[in-house]
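Residue numbers (this note's numbering), protein chains in the order written: chain Z, 58 to 212; chain L, 256 to 1037.
So this is what it looks like as structure tokens:
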């Protein structure tokens, strides 16, 4: 626990930060169900390029999103060190494949900044806010946008 | 525990569904010419129990209707009215409305008086009863001591807090008490009836702790009794322990109440309806010998006191008690033999801080209620449990996990290199057997007889035939065929549509039928049976059959087929399944809206089923639905393609073969066909179709699965290897990811990996068809 000096603020939100494609991202910790090691995914035919496939999460079928691919970042090769963050979005559950989980941060909501308007950057649409922790920029992921479109027939 | 009242209500409605079912059954039997009094009794009791329960919940509409229906049924039961076909049809209509009312009450809905009114009028006219008449019926108070039929309708009532409703409820059900007895004990009532002259009853009432715990108050019960007539109350406080041993939460008192009333025993019993099961209750008529009974009972506490120091068991008390019982039997001819026996443990007050307090009444209950149950429902001797479907699903899931886990275990044992006959392996072998058995049993739980669905169809036939003015009789067969519950639920709509179609389009009008030498009454037959691992449901009518000329004409008019199409008979029949096809020249309010058989077909296919049609001109049409036994497990062939493991449903595979050079014929630049016994079948590379790899250079020596489709077309799927053939648990993909073309679902294999289950029809239908072989290279090489 390094950078949690302001967690007493009642309007702060807790974020789980992680690294993917060499950048720091984070998600609201309330939407994280669990973190687990990487497993070989069964690929789905005709799936979008960023859907790695499905894995068995204790008997349920869990789709895995390669977050680096989804964000248009450089994808490293699959390593054993990859981590899957299982996120829960109400109706849907999915696993986000990331490089490594870093920390849990409590960020006061006034320190959140909207991302600047840079139309060229593809990743922008997936980032809902930015914040700075110890000089590092943390991107807060828009989970809804990351999910594959529901009921998608053909990619 | 949420709202106890809501729970009781819910269980009442579940019970109603069961009663409605037996009502339908009984009526069906009567319709088939069964005049067995027991059949009529079943019908009567079903209506009666619904009424009783409805009264308790203040469902006035339901009570009113059920009461009239019941009155009519009583006329039948008493033999004063012999129902003919028309009357039974009316009874069916009543049963339908009763079902509507029950459901309306459940959903806090309203049923239009315009529907119930006319039927009730007809009912009264038909049976020819006037309201007063029922009051004059004889009643048989004495034997009622064994009749728990009423309480049986409401087993969960004890929690009911609203006692104030009681006095009101009693008068409203006045008509019924007399009716109950002969039903259950015809033999016993015959004799005593004549002699008994009742002026009232003695009531022995000993509340159990639960009665107080649920907020009941004996005082109110006695007040309710007082409304029936003069009462005198004797309180027995012999059970009261010394003050230092007194548990303030335990009741120790019992009462004897003598009611002088002209009311029937049933009325008296109804006062205690809400505490049924929470107290020891005995109701005996006062006869000329009443004076003798009272003193006989009175000494009991004294006797009990005398033996208080000794072990206060039932045995020593029994002897002094017996004479009392004997006197009773002699003086009052009415009590049936079991009554005095059952009474014994009750009449002997049990030491209160002893466990026996709880046990004794239970004995009494089981002792006397058992025979009633036996006579009450002779047609349904099997005990059943109602379980929330969700719980079963959870169990099904868990067992699925167990199967997977077991497979993983086997795999690691194999990998550990243990000898095949080591204790571990043998144990695992047994474990495997057991898991299979468990899985099968659990699947059986989900299965239920298709009967409930068929009964609903009976109503559809009645209503639709009435609305198009045809006379139709529904025959059903194989009602006990067990089908997965989900299948049953999702079959209701398509089947309804098919039945309506059969009545509306399939059957001719009565006049036309007579002209063509058929009976006036049309027949629709609904059958279900197991056939080679599938359920086959057939809907057939004996109507005119499909007018193929007209169907074809219509299809051409609607531009569904080209005008010069050459179609075989079965091709024409299958036109009915095309979207937007409707043959009825005029649109009736039943069917013929153009959304018809195509919807039926797609909903059947969604269940993994197939539908086919056969028709004979002038003889009738048969629709046949074939469905998988369950939606949860599937027999599949595990195959490998491009390093992926896939499961192909076994029922889709006609055969497997290894391709030789001779079998394989190139067709066009990019496609191959396989020659199989003189026929040509398109070759599909499964790996390429699913986008796992590029088409192979050569398929010679490769393994193909010959896939048969519902429309009779075939395709050959090239795979790399066949690994296994096994049952797999189906896990839906739609919920977590979405629909994947060519894939039906997923499953979890022994190694914990997910394998996709192929949807062959979808895959073949969407097959690219082109990329079977890399044409440019091929051309260059060639």
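Positions of the beta carbon are idealized from the N, C-alpha and C atoms, including for glycine.
Cβ neighbour criterion (16 or more within 10 Å) applied to residue 534/L
Classification of residue 534/L: buried, given that the 10 Å Cβ count is 16 or more.
For chain B, is any of its Cβ atoms less than 9 Å away from the one on residue 996/L?
Given the protein chain composition of this structure (Z and L), no chain B is represented.
Any 3 or more C-beta pairs closer than 8 Å across the region 850-862 of chain L and the region 900-916 of chain L:
Contact fails between the region 850-862 of chain L and the region 900-916 of chain L, because fewer than three Cβ pairs, one in each stretch, are under 8 Å apart.
Please list the residues of the region 103-130 of chain Z that have a C-beta atom closer than 9 Å to any C-beta atom in chain L, keeping them in chain order.
Within the region 103-130 of chain Z, contact with chain L at the beta-carbon level (separation under 9 Å) is assigned to 103, 104, 108, 110, 111, 112, 113, 115, 116, 117, 118, 119, 120.
Which of the three DSSP states, helix, strand or coil, is assigned to residue 302/L?
Looking at residue 302/L - three-state DSSP - the assignment turns out to be helix.
Report, in whole angstroms, the separation of the C-beta atoms of residue 981/L and residue 851/L, which I expect to be a contact under 8 Å.
The Cβ separation is near 39 Å, so there is no contact.
Give the interface partners of residue 1001/L over in chain Z, defined as CB-CB distance under 7 Å, in chain order.
Among the residues of chain Z, those whose CB is under 7 Å from the CB of residue 1001/L are 111, 118, following chain order.
Hey, which unbroken runs of the beta strand (DSSP E) at 3 residues or more fall wholly within the region 758-794 of chain L?
Unbroken beta strand (DSSP E) runs of no fewer than 3 residues, entirely contained in the region 758-794 of chain L, are found at 777-786, following chain order.
Exposure of residue 139/Z, with buried meaning 16 or more beta-carbon neighbours within 10 Å
Burial is judged here by how many other beta carbons sit within 10 angstroms of a residue's own beta carbon; residue 139/Z has at least 16 and is buried.
Chain-ordered chain Z contacts of residue 1010/L [CB-CB under 9 Å]
Going along chain Z in sequence order, the residues near residue 1010/L (Cβ under 9 Å) are 99.
Under three-state DSSP, which class holds residue 834/L?
Residue 834/L carries a coil assignment under DSSP once its states are collapsed to helix, strand and coil.
Are the beta-carbon atoms of residue 157/Z and residue 172/Z separated by less than 9 Å?
No. Outside cutoff.
Rounded straight-line distance, which links the Cα of residue 1005/L to that of residue 661/L:
Taking the straight line from one Cα to the other gives about 8 Å.
Which residues share a DSSP beta bridge with residue 521/L?
Residue 521/L is not bridged to any residue.
Expressed to the nearest angstrom, what Euclidean distance is found between the alpha-carbon atoms of residue 531/L and residue 481/L?
Going by C-alpha positions, residue 531/L is about 19 Å away from residue 481/L.
Considering only residues of the same chain and omitting the five flanking positions on each side of residue 747/L, which have a CB-CB separation below 7 Å?
The answer, listed in chain order, is 708, 711.
Using a Cβ cut-off of 8 Å, which residues of the region 140-165 of chain Z contact any Cβ in chain L, in chain order?
Residues 149, 150, 151.
C-alpha gap between residue 1013/L and residue 141/Z, whole angstroms
C-alpha separation (whole angstroms): 27 Å.
Along the chain, where does the beta strand (DSSP E) containing residue 645/L start, and where does it finish?
According to the DSSP assignment, residue 645/L belongs to no beta strand (DSSP E) but to the alpha helix (DSSP H) extending over 644-670.
So which residues on chain Z does residue 656/L lean against when the C-beta distance must stay under 9 Å?
Those within 9 Å of residue 656/L in chain Z are 115, 116.
Assuming residue 514/L and residue 460/L make a contact with CB atoms under 8 Å, what is their CB distance in whole Å?
Separation of the CB atoms of residue 514/L and residue 460/L is rounded to 11 Å, and the pair is thereby denied contact status at 8 Å.
Does any residue of chain L bring its CB to less than 9 Å from the CB of residue 205/Z?
Interface residue, yes.
Under 9 Å between C-beta atoms, does residue 1016/L make it to chain Z?
Judged by the 9 Å Cβ criterion, residue 1016/L is not in contact with chain Z.
How big is the Cα-Cα spacing for residue 775/L and residue 340/L?
Between residue 775/L and residue 340/L, the C-alpha separation is close to 14 Å.
Can you pull the chain Z residues whose beta carbon is under 8 Å from the beta carbon of residue 652/L, in chain order?
From the beta-carbon of residue 652/L, the residues of chain Z found nearer than 8 Å are 116.
Determine the burial state of residue 968/L: buried for a count of at least 16 other Cβ atoms within 10 Å of its Cβ, exposed for fewer.
By the 10 Å Cβ count, residue 968/L comes out exposed.
On a CA-only basis, which of 487/L, 492/L, 529/L is nearest residue 541/L? Give me that one, please.
Per the Cα distances, 487/L.
With DSSP as the reference, identify every bridge partner of residue 871/L, one or two as the case may be.
Paired residue(s): 875/L.
Mapping the DSSP letters down to three states, classify residue 710/L as helix, strand or coil.
In the structure shown, residue 710/L falls within a helical segment according to DSSP collapsed to helix, strand and coil.
Would you be able to state if there are at least three C-beta pairs under 8 Å between the region 66-85 of chain Z and the region 143-159 of chain Z?
When Cβ pairs closer than 8 Å are counted between the two stretches, the region 143-159 of chain Z is seen to touch the region 66-85 of chain Z, the count reaching three or more.
Span of the alpha helix (DSSP H), counted from its first residue to its last, around residue 801/L
First-last for residue 801/L: undefined, no H or E at that position.
How many Å lie between residue 669/L and residue 977/L at the Cα?
Each residue's Cα considered, the two are about 20 Å apart.
Could you pull the DSSP bridge partners for residue 121/Z from this structure?
According to DSSP, which records beta bridges pairwise, residue 121/Z is partnered with 110/Z, 152/Z.
State yes or no: is the beta carbon of residue 1020/L nearer than 9 Å to at least one beta carbon in chain Z?
Under the Cβ criterion of 9 Å, residue 1020/L is not counted among the residues facing chain Z.
How many whole angstroms separate the CB atoms of residue 658/L and residue 984/L, which I take to be in contact at a CB cut-off of 8 Å?
Correct: roughly 6 Å between the Cβ atoms.
Can you tell me which of the three DSSP states residue 461/L falls into?
Strand.
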